[in-house]
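**Q** Structure in structure tokens, see below.
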Ligand SMILES: Nc1ncnc2c1ncn2[C@@H]1O[C@H](COP(=O)(O)OP(=O)(O)OP(=O)(O)O)[C@@H](O)[C@H]1O
Ligand SMILES: [Mg+2]
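Residue numbers (our numbering), protein chains in the order written: chain X, 1 to 401; chain F, 1 to 259.
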């Protein structure tokens, strides 16, 4: 199945990797003793590892290609993906959802406050991912400045709380509305751009918002940020720190459920279909009578609404915001969640967020190599499952009724 | 009889190239009109101009919906043109490949339905009813073009001929009064072409006017009521199929000087 050429390429790739990792893994300089330790054994590991991995990946890809060829020529039936089966039949997904909910409910009693805090963060990224999923995954608008709307929400709560003493529950919808407003303001001029151009402009917008927050001291208190933001209240009851973290946890769970509910209904509606069609073919869409601008703008604004609300929650959770929380890296991570999880797929984005946020935490065991492993996993995923962990399945309409 | 679609002196320049040169064309209600001409004559450009994808350099587009007053289509966006009642198919198939066959047709219902974000989230009775109607009407249309058994299949998995028919179904779902077909028979085998012939006639009999670009002369001569011939963006002849078949200019444009 593999040709001589594959092995030759394997050797080249191995050499290249050995060369790349040479300064990092082989040479060890000890500046105090002024000596150099040559760790040649590491080179051997890298070489063997790379070669074996390369050959295995070739084998896998060759087999996959062959399979597709067979499906095309009709020799074998196309297997329905396990994910498609899992999420299209109630008898499979309902038990999973119930088990997931029970686990989520019991989580704070099972684990330490530290773990609960990490979980809150991960769940917030679920909300952010689902919001961006509307924009990127469903409507196909590449938005690299999503974090700007997140910042709008977070600062809305921080500032309104500081100046007017407004509480979490009042600001949550305001944050969403402000997100939507900013989404429309930005979307209106830039949504006539396509693909790469849109990506660059949104990237710029994200940076502009961050720079404003950093430099407009009177407004946002600059890089030092705003602290002592009120935590969400529960009918005026005084909560201990641990209790309020648990409360925050359940709030986030509610938010996640609410988001899943809304996003699911939106996707499965007249508007959701139009979004998806727009991602498929803009010209055909217009020829079918869909107003391109309006449809894109609703997607953009709705995505921004969720970022705004997530921002309010973020500010309430950390009780502190500063511009450093809203860098481009943040947008990139949320985008990764959507792409890695599966564009347009709700369960995919949820799994994607949990994996991407929890993995680096639990990879701390690998200490120095944690980010390397993380990066490797991303690259490998994109090679072997470019459609994401769980790919979308279009719903079918029962023909019986 | 007053034409339902009246195109006057349509001119389209691409930089220095004049793709359409003062082309006038009328379609009467209930007619099948064919637009023919050699490759690169400007037929697809003509479609793109009247459906708002291109902005014509010059010329007027008038639509006379039965029982309503005349509408000018100049300068309208493509989606507005479709709302007014012009629907088209594409020469190089432009379906939504990763949506199901049924969903492709449901997209066509978009401009005739109304539910908004609010309805989508709360699923009030009106939205539910509308959604149900969309599915039913779309299935109805699929039945008409004999694709209802494939409703849940992804559009990209359909055979070529079926994809072309699905394009017609999708266009029909927008409730057009004039249907524009750009080479619907391209890539079809003789039997599929025969079925297409029957389908187009059936659509005409339901009261639609049809403008058809086609290279398959047998099909054109068979079903057209009126034929326009263009070459280099200019109209070189028009008339009934018999007249066109005998017209020396047409024969020359198609077959060269020798005959
Ligand atoms: N967007 C464009 N920019 C520049 N020139 C164009 C454009 N679209 C079409 N043309 C030119 O206009 C002329 C007419 O093209 P058109 O596609 O309308 O021909 P056609 O009659 O549909 O041919 P065919 O039978 O091959 O489909 C061609 O010379 C083409 O190169
Ligand atoms: Mg053409």
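Built from N, CA and C at the ideal position, the CB exists for glycine as well.
Since the structure is predicted, the reported quantities are computational estimates derived from the model, not experimental observations.
Among X:248, X:286, X:144, X:207, which one has its Cα closest to the Cα of residue 197 (chain X)?
**A** Residue X:144 is the option with its Cα nearest to residue 197 (chain X).
**Q** Identify each residue in the segment 103–114 of chain F for which the Cβ-Cβ distance to at least one residue of chain X is less than 9 Å, and report them in chain order.
**A** Those would be 103, 104, 106, 107, 108, 109, 110, 111, 112, 113, 114, in chain order.
**Q** Rounded to a whole number of angstroms, what is the C-alpha to C-alpha distance between residue 259 (chain F) and residue 244 (chain F)?
**A** Low local confidence applies: a pLDDT of 40 at residue 259 (chain F) is under 50, so the model's placement there is unreliable, with the coordinate-based value given in what follows. One C-alpha to the other measures close to 16 Å.
**Q** In chain F, which residues lie with their C-beta within 8 Å of the C-beta of residue 182 (chain X)?
**A** Within 8 Å Cβ-Cβ: nothing; residue 182 (chain X) doesn't reach chain F, min ~18 Å.
**Q** Kindly give me the distance between the Cβ atoms of residue 41 (chain F) and residue 230 (chain F), rounded to whole angstroms, as I take these residues to be in contact under 8 Å.
**A** About 5 Å; that satisfies the 8 Å criterion.
**Q** What does the alpha-carbon distance come out to for the pair residue 121 (chain X) and residue 357 (chain X)?
**A** Their Cα atoms are separated by approximately 8 Å.
**Q** Could you please go through the chain and list the residues whose beta-carbon is closer than 7 Å to any non-hydrogen atom of ligand 2?
**A** That query returns the following residues: F:43, F:44, F:91, F:182, F:183, F:213.
**Q** So residue 85 (chain F) and residue 168 (chain F) are in contact, right, with Cβ under 8 Å, and what is the actual spacing, rounded?
**A** Wrong, their Cβ atoms sit about 16 Å apart, outside the cutoff.
**Q** Can the beta-carbon of residue 288 (chain X) be found closer than 8 Å to that of residue 174 (chain F)?
**A** Yes, the pair counts as a contact, with Cβ atoms nearer than the cut-off.
**Q** I'd like to know whether the C-beta atoms of residue 225 (chain X) and residue 320 (chain X) end up nearer to each other than 8 Å.
**A** Cβ distance < 8 Å, so residue 225 (chain X) and residue 320 (chain X) count as in contact.
**Q** Output needed in chain order: residues of the segment 71–88 of chain F with a Cβ under 9 Å from some Cβ in chain X.
**A** Residues passing the 9 Å Cβ filter: 77, 78, 79, 80, 81, 82, 83, 87, 88.
**Q** Taking C-alpha atoms, which residue in X:153, X:101, X:263 lies nearest to residue 122 (chain F)?
**A** When each option's Cα is compared against that of residue 122 (chain F), the closest is X:263.
**Q** Looking at C-beta atoms only, is the number of pairs between the segment 333–348 of chain X and the segment 385–392 of chain X that lie closer than 8 Å three or more?
**A** Yes, since at least three Cβ pairs between the segment 333–348 of chain X and the segment 385–392 of chain X fall closer than 8 Å, the two stretches touch.
**Q** Given residue 50 (chain F), which residues of its chain have a CB within under 6 Å of its CB, disregarding the five upstream and five downstream residues?
**A** Cβ neighbours of residue 50 (chain F) beyond the five flanking positions: 61.
**Q** Please identify, using Cβ separations under 8 Å, the residues of the segment 286–297 of chain X that lie next to chain F, in order along the chain.
**A** If the cut-off is 8 Å between Cβ atoms, the segment 286–297 of chain X has 286, 287, 288, 289, 290, 291, 292 near chain F.
**Q** CA-CA distance, residue 46 (chain X) and residue 332 (chain X)?
**A** C-alpha separation (whole angstroms): 29 Å.
**Q** Do residue 33 (chain F) and residue 226 (chain F) come within 8 Å of each other at the CB atom, strictly closer than that value?
**A** Yes, the Cβ-Cβ distance between residue 226 (chain F) and residue 33 (chain F) is below 8 Å.
**Q** When you compare the CB of residue 276 (chain X) with every CB in chain F, is at least one pair closer than 8 Å?
**A** Cβ-Cβ to chain F under 8 Å: yes for residue 276 (chain X).
**Q** Assuming residue 113 (chain X) and residue 242 (chain X) are in contact, meaning their beta carbons sit under 8 Å apart, how far apart are those beta carbons, in whole angstroms?
**A** Correct: roughly 6 Å between the Cβ atoms.
**Q** Under 8 Å Cβ-Cβ, which residues of chain X neighbour residue 135 (chain F)?
**A** Result: 397.
**Q** Is residue 317 (chain X) buried or exposed, if buried means 16 or more other CB atoms sit within 10 Å of its CB?
**A** By the 10 Å Cβ count, residue 317 (chain X) comes out buried.
**Q** Taking 8 Å as the CB-CB cut-off, is residue 408 (chain X) touching chain F?
**A** Residue coverage of chain X in this structure runs from 1 to 401, which leaves residue 408 (chain X) outside it and unanswerable.
**Q** Can residue 228 (chain F) be considered in contact with ligand 1, in the sense that its beta carbon sits closer than 7 Å to one or more heavy atoms?
**A** No, Cβ of residue 228 (chain F) sits at least 7 Å from all heavy atoms of ligand 1.
**Q** Could you name the residues of the same chain whose beta carbon sits closer than 8 Å to that of residue 9 (chain F), not counting the 5 residues immediately before and after it, in chain order?
**A** The residues are 22, 23, 24, 58, 59, 60.
**Q** Could you check if residue 4 (chain X) is buried or exposed, using at least 16 other CB atoms within 10 Å of its CB as the buried criterion?
**A** Residue 4 (chain X) should be labelled exposed.
**Q** Between which two residues does the alpha helix (DSSP H) carrying residue 132 (chain X) extend?
**A** Counting along the chain, the alpha helix (DSSP H) containing residue 132 (chain X) begins and ends at 113–132.
**Q** Is residue 206 (chain X) buried or exposed, if buried means 16 or more other CB atoms sit within 10 Å of its CB?
**A** Classification for residue 206 (chain X): buried.
**Q** Whether or not the segment 182–196 of chain F and the segment 89–98 of chain F are in contact is what I'm after, with contact meaning three or more pairs of Cβ atoms, one per stretch, closer than 8 Å; do they touch?
**A** Verdict: yes, contact present.
**Q** Using a cut-off of 7 Å between C-beta atoms, extract the partners of residue 100 (chain F) located in chain X.
**A** What residue 100 (chain F) touches in chain X: 394, 396.
**Q** Only counting the same chain, and skipping five residues up and downstream in sequence, which positions put a Cβ closer than 7 Å to that of residue 145 (chain F)?
**A** Cβ within range, chain order: 165, 168, 169, 199.
**Q** Are residue 30 (chain F) and residue 207 (chain F) close, meaning C-beta to C-beta below 8 Å?
**A** Result yes, Cβ atoms of residue 30 (chain F) and residue 207 (chain F) sit closer than 8 Å.
**Q** By Cβ distance below 6 Å, which residues in the same chain neighbour residue 6 (chain X) in space, the five residues on each side in sequence not counted?
**A** The answer, listed in chain order, is 58.
**Q** Is any beta-carbon of chain F found at less than 8 Å from that of residue 390 (chain X)?
**A** No, no contact with chain F.
**Q** If you measure from the CB of residue 209 (chain F), is any heavy atom of ligand 1 nearer than 7 Å?
**A** No - ligand 1 has no heavy atom lying nearer than 7 Å to the Cβ of residue 209 (chain F).
**Q** Whole angstroms is fine: what's the gap from residue 256 (chain X)'s alpha carbon to residue 119 (chain F)'s?
**A** About 21 Å.
**Q** Does the distance between the C-beta of residue 107 (chain X) and the nearest non-hydrogen atom of ligand 1 fall short of 7 Å?
**A** Answer for residue 107 (chain X): no, Cβ out of range of ligand 1.
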